[in-house]
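Read through the structure below, which is laid out as structure tokens, and then see the notes.
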Amino acid sequence: MPRLAKQGSVVLAFVVLLIALPHGLSFSQQEILVFLTINVLLVTSYRLLTLTGEWSLAHVVIMGVGAYSSALYSKELGIYVPVSMLLGACTAALIAMFLSYPLFRMKGFYFLIGSFAAGEIIRLLWKRFRDPFGGPKGLKKIDPMPDFDIGIWQFDFFEPVSYYYFALVVVGLSLWLMWRIERSPIGLTFHAVHWQDKLAQSVGVDVRAYRTLAFVLASGFSGLSGALLAHYIGTINPNSFDVEMMVFVLTWAIVGGTETFYGPILGCIVLTIFNEVVLRELGFEQMRPFIYGLLMICSVLFLPKGLESVVQKLLLRRANGDKQKEEKADPKESEA
Amino acid sequence: MSGPFLEIDKLTRRFGGLTAVDELSFTVEHGAIHGLIGPNGAGKTTTFNMVSGFYKPTSGDVRLHGESISGLAMHEVARRGLVRTFQHSTLFAELSVLHNVMVGTHMNFRPNIFSAIVGWDHEDRSGAKARAREALDFFGLLELENERAGELSHGHQRALGMAVAMAAHPDVILLDEPFTGMNPEETKRMMELMSKLRDSGVTILLVEHDMHAIMGLCDQITVMSFGKFLAEGNPQEIRTNPTVIEAYLGGTHHAA
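Chains as they are written, first to last, in our numbering: chain A, 1 to 336; chain B, 1001 to 1256.
Following this line, the structure appears as structure tokens:
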């Protein structure tokens, strides 16, 4: 029981920290915080996709599908913004469903290239068709979240702090859903499909269906992150979702590590802080992409299992320390 | 139910100009351990791959309970009650032993995403775990359930492969060279496990090189040579069959 209370208090402290966080930051840092929150959802949904072992290069474009469709639903059809965000996420999932038919005829490297091509096709369609996608200039004046008042806090969504709270709730809920999925037998089946698809198939797992399920779910959450982004910045264009952004997502995932749920989140947070705060403060404006790339190479060379492996080591050491303390009288289980 | 339990009917597979399996026919009785043997390159593994749905046959048919299963995808074949294991130690090496076997319970406890999120699948989850533990216990692996599968000894890995298949509750298990790389002690233990598995009501079809194991274990043996049916009978008949001895040439002293 005291252990549960301890865990509860840690969670509570964490929530309080997240709520208090924006008040200690400058306006531009608050804006970065909003983007960071959205990107956490993006990179976590990417990890859900990689659970079955396939790495896609279309993920950011799928995010764009969510952004574009949510923006258009609210703009053209006058749908209430939070609803249109959900519809945007559903549209992204639906498009992913269609894409999965040709794409999952391929595996590994071929899937990677195929997904890249599929993503570029979607992106070029946005550029080509001025109606309704706005062509190369994209969509402007996207409806913002309507303001509302819950008594203790007045939500004015032009304020980054308000939007941060809103995004925090949406992202938190999405992370919880993805966590539940991964911890369920479905998550176990995803892992099985990743490690030995033939063996999984031999005991009755429809491998293709599970690959599609992971792809569709991940795309839905990625579309939701796109919708969050669109209604915050108010303007999107095809280049907001290009390969450069995809490289950022890959970098977060690789530097953070994809073994654990928190790995990519860790990568995203650490690299964003590094990129936006440290390098900007130090005045490396022009050199930032260069240093960013260098950092990725270094992490692949020296930390091939990602930042998460460092955390795992620390946790393991602490757990072993606790164990030794608890089981001094019973030395038979203290194997390191 | 009338008719044979598992029937292989004029099964043929060509790779380009090479006919790996040529109009092979035999039947497997319910509740038997049936061995499929033959010299290297006789087409045993190809036959296996066709029966389990890994390859599509060029022509011919496989019937289980009288229903045609040839040409179906492997997971569809599995859902009709026929599960295979693989040569070598094909396992989910990164997962724990228990999780390996829990993947095997997939068909009996189909996960559902909505109940998984809400948490309404407690019964299924504990059912799957109980079924997995039962299979582990059967193969004597229960103490190892928290180990990583990739870190087990070779013999344990082979046993785990069979436990994964058994957890799926099949009517027929296809074992692809289950004794490869085992020492005599492990082989003996594995033979006992297979007899036990047969006695629990599972029909076994196996491909194997180890003549000693085959002769001691099988109720019925089918011999193949160059993709064709050569002979069939119980171990005693096969041992003394002159065509079989000729096909194996020097290989027969194993059997004696």
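Here a beta-carbon is modelled for each residue, glycine too, at the ideal position from N, C-alpha and C. All figures in this text were calculated on a predicted structure; none of them were measured in a lab.
Identify the continuous alpha helix (DSSP H) that holds Arg288/A and give its terminal residues. To locate residue 288/A, count along the first sequence from 1; it is residue 288. Residues 288 to 302.
Arg1133/B, DSSP secondary structure in three states: The residue you call residue 1133/B lines up with position 133 of the second sequence. The DSSP-derived three-state label of Arg1133/B is helix.
For Glu1177/B, I'd like the list of residues in its chain whose CB is within less than 7 Å of its CB, leaving aside the five on either flank, ordered along the chain. Along the second sequence, one-based indexing puts residue 1177/B at 177. Counting only Cβ-Cβ distances below 7 Å, and skipping sequence neighbours, we find Gln1087, Val1207, Glu1208, His1209.
Cross-chain neighbours of Leu1095/B in chain A, by beta carbon under 9 Å: On the second sequence, position 95 is the one that residue 1095/B refers to. Correct list: Leu188, His191, Ala192, Trp195.
Flag Gln201/A as yes if its beta-carbon sits less than 7 Å from any beta-carbon of chain B, otherwise no. Against the first sequence, residue 201/A aligns to sequence position 201. Yes - at least one Cβ of chain B is within 7 Å of the one on Gln201/A.
Euclidean distance between Cα positions of Phe290/A and Ile297/A: Translated into the one-based positions of the first sequence, residue 290/A becomes position 290. Translated into the one-based positions of the first sequence, residue 297/A becomes position 297. Taking the Cα positions, Phe290/A is about 11 Å away from Ile297/A.
For Arg1079/B, which of Asn1108/B, Ile1238/B, Val1244/B, Gly1227/B has the nearest alpha-carbon? Indexing the second sequence from 1 puts residue 1079/B at position 79. Ranking Asn1108/B, Ile1238/B, Val1244/B, Gly1227/B by Cα distance to Arg1079/B puts Asn1108/B first.
Given that a residue counts as buried once 16 or more other Cβ atoms are within 10 Å of its Cβ, and exposed if not, what is Ala329/A? Position 329 of the first sequence holds residue 329/A. With a pLDDT of only 49 at Ala329/A, under 50, the local geometry of the prediction cannot be trusted, and no value is derived from it.
If we define contact as Cβ-Cβ less than 7 Å, is Gly338/A a contact residue for chain B? Nothing about residue 338/A can be read from this structure; chain A reaches only from 1 to 336.
is_contact[Met1194/B, chain A] using C-beta, thresh 7 Å: For the purposes of this step, residue 1194/B is identified with residue 194 of the second sequence, where counting begins at 1. With 7 Å as the cut-off, Met1194/B does not count as an interface residue toward chain A.
Any C-beta of chain B within less than 7 Å: which residues of the segment 159 to 183 of chain A qualify? Contact residues of the segment 159 to 183 of chain A toward chain B are Leu177, Arg180, Ile181 (C-beta to C-beta distance below 7 Å).
Three-state secondary structure (DSSP) at Glu1186/B? On the second sequence, position 186 is the one that residue 1186/B refers to. Note: Glu1186/B maps to helix in three-state DSSP.
Apply the 10 Å Cβ neighbour rule to Lys1044/B and answer buried if 16 or more other Cβ atoms are within range, or exposed otherwise. Start at 1 with the first residue of the second sequence, and residue 1044/B comes out as number 44. Flag for Lys1044/B reads buried.
Ile85/A and Ser70/A closer than 7 Å at C-beta: Counting from 1 along the first sequence, the entry for residue 85/A is found at position 85. Counting from 1 along the first sequence, the entry for residue 70/A is found at position 70. With the sequence shown as reference, residue 85/A is identified as Met, and Ile is not the correct amino acid for it. Yes, they are a contact pair.
Per DSSP, Thr1222/B forms a beta bridge with which residues? Within the second sequence, the letter at position 222 stands for residue 1222/B. Its beta-bridge partners are Leu1036/B, Glu1232/B.
Among Phe104/A, Phe35/A, Val10/A, Leu42/A, which residue has its Cα nearest to the Cα of Ala209/A? Working through the first sequence from its first residue, we reach residue 209/A at position 209. The shortest Cα separation from Ala209/A among Phe104/A, Phe35/A, Val10/A, Leu42/A belongs to Phe104/A.
In chain order, which alpha helix (DSSP H) runs of at least 4 residues are fully inside the segment 1136 to 1198 of chain B? The segment 1136 to 1198 of chain B contains these whole alpha helix (DSSP H) runs: 1154 to 1167.
List, in chain order, every chain A residue whose beta-carbon is nearer than 8 Å to that of Gly1104/B. Taking the first residue of the second sequence as position 1, residue 1104/B is located at position 104. Close partners of Gly1104/B in chain A (Cβ separation under 8 Å): Val203.
What does a CB cutoff of less than 6 Å around Ile236/A pick up in its chain, not counting 5 residues either side in sequence? Counted from its first residue, the first sequence places residue 236/A at position 236. Close CB contacts of Ile236/A within its chain, under the 6 Å cut and outside five residues either way in sequence, are with Ala67, Gly138, Leu139, Ala230 (chain order).
Helix, strand or coil at Arg105/A according to DSSP, with G and I counted as helix: Here the question's residue 105/A lines up with position 105 in the first sequence. Three-state result, Arg105/A: coil.
Given that His1088/B touches chain A, what residues does it touch there, using C-beta distances under 9 Å? For the purposes of this step, residue 1088/B is identified with residue 88 of the second sequence, where counting begins at 1. Neighbours of His1088/B on chain A: none; closest Cβ ~11 Å, over 9 Å.
Under 7 Å, Cβ to Cβ, is there at least one residue of chain B near Pro185/A? Here residue 185/A is taken as the residue at index 185 of the first sequence, counted from 1. Chain B has a Cβ within less than 7 Å of the Cβ of Pro185/A.
For chain A, is any of its Cβ atoms less than 7 Å away from the one on Phe1048/B? Residue numbering aside, residue 1048/B sits at position 48 when the second sequence is read from its first letter. Put simply, the CB of Phe1048/B is far from chain A, with every gap to its CB atoms at 7 Å or more.
Who pairs with Ile236/A in a beta bridge, going by DSSP? Within the first sequence, the letter at position 236 stands for residue 236/A. Ile236/A is bridged by DSSP to Leu139/A.
Checking contacts by CB at 7 Å: is His1034/B closer than that to chain E? The chain inventory of the structure shown lacks chain E, comprising the protein chains A and B.
Kindly indicate if chain A contains any beta-carbon less than 7 Å away from that of Ile1069/B. Indexing the second sequence from 1 puts residue 1069/B at position 69. No - not a single Cβ of chain A is within 7 Å of the one on Ile1069/B.
Between which two residues does the alpha helix (DSSP H) carrying Phe190/A extend? Residue 190/A sits at position 190 when you count from the first residue of the first sequence. It spans 185 to 195 - the alpha helix (DSSP H) in which Phe190/A sits, taken as one unbroken run.
Per DSSP, Ser1096/B forms a beta bridge with which residues? The residue given as residue 1096/B occupies position 96 in the second sequence. Residue pairing from DSSP places Ser1096/B in a beta bridge opposite Arg1148/B.
Anything in chain B within Cβ reach of Lys198/A, meaning under 9 Å, just list it in chain order. For the purposes of this step, residue 198/A is taken as residue 198 along the first sequence, with counting starting at 1. By Cβ distance, chain B contributes Phe1054, Met1074, Phe1086, Thr1090.
Checking the sheet assignment: what are the DSSP bridge partners for Ser1068/B? In the second sequence, the residue the question calls residue 1068/B occupies position 68. Note: Ser1068/B sits in a beta bridge opposite Arg1063/B.
Anyone know if the C-beta pair for Ala1135/B and Val1103/B falls short of 7 Å? Your numbering for residue 1135/B matches position 135 in the second sequence. Your numbering for residue 1103/B matches position 103 in the second sequence. Using a Cβ distance threshold of 7 Å, Ala1135/B and Val1103/B do not count as a contacting pair.
Per DSSP, what kind of secondary structure is Ala1020/B in: helix, strand or coil? Position 20 of the second sequence holds residue 1020/B. Note: Ala1020/B maps to strand in three-state DSSP.
Report buried or exposed for Leu1036/B, applying the criterion of at least 16 other Cβ atoms within 10 angstroms of its Cβ. Along the second sequence, one-based indexing puts residue 1036/B at 36. So Leu1036/B counts as buried.
Does Pro1111/B have its Cβ less than 7 Å from a Cβ in chain A? The count along the second sequence starts at 1 and reaches residue 1111/B at position 111. Chain A contact via Cβ: present.
Just to make sure I have the definition right: I need the residues of chain A whose C-beta is within less than 9 Å of the C-beta of Met1107/B. Which are they? One-based indexing of the second sequence puts residue 1107/B at position 107. Simply Val203, Gly204, Val205.
His1156/B burial status per 10 Å Cβ neighbour count (16 or more: buried): Residue mapping note: residue 1156/B aligns to position 156 of the second sequence, counting from 1. Under this definition His1156/B is a buried residue.
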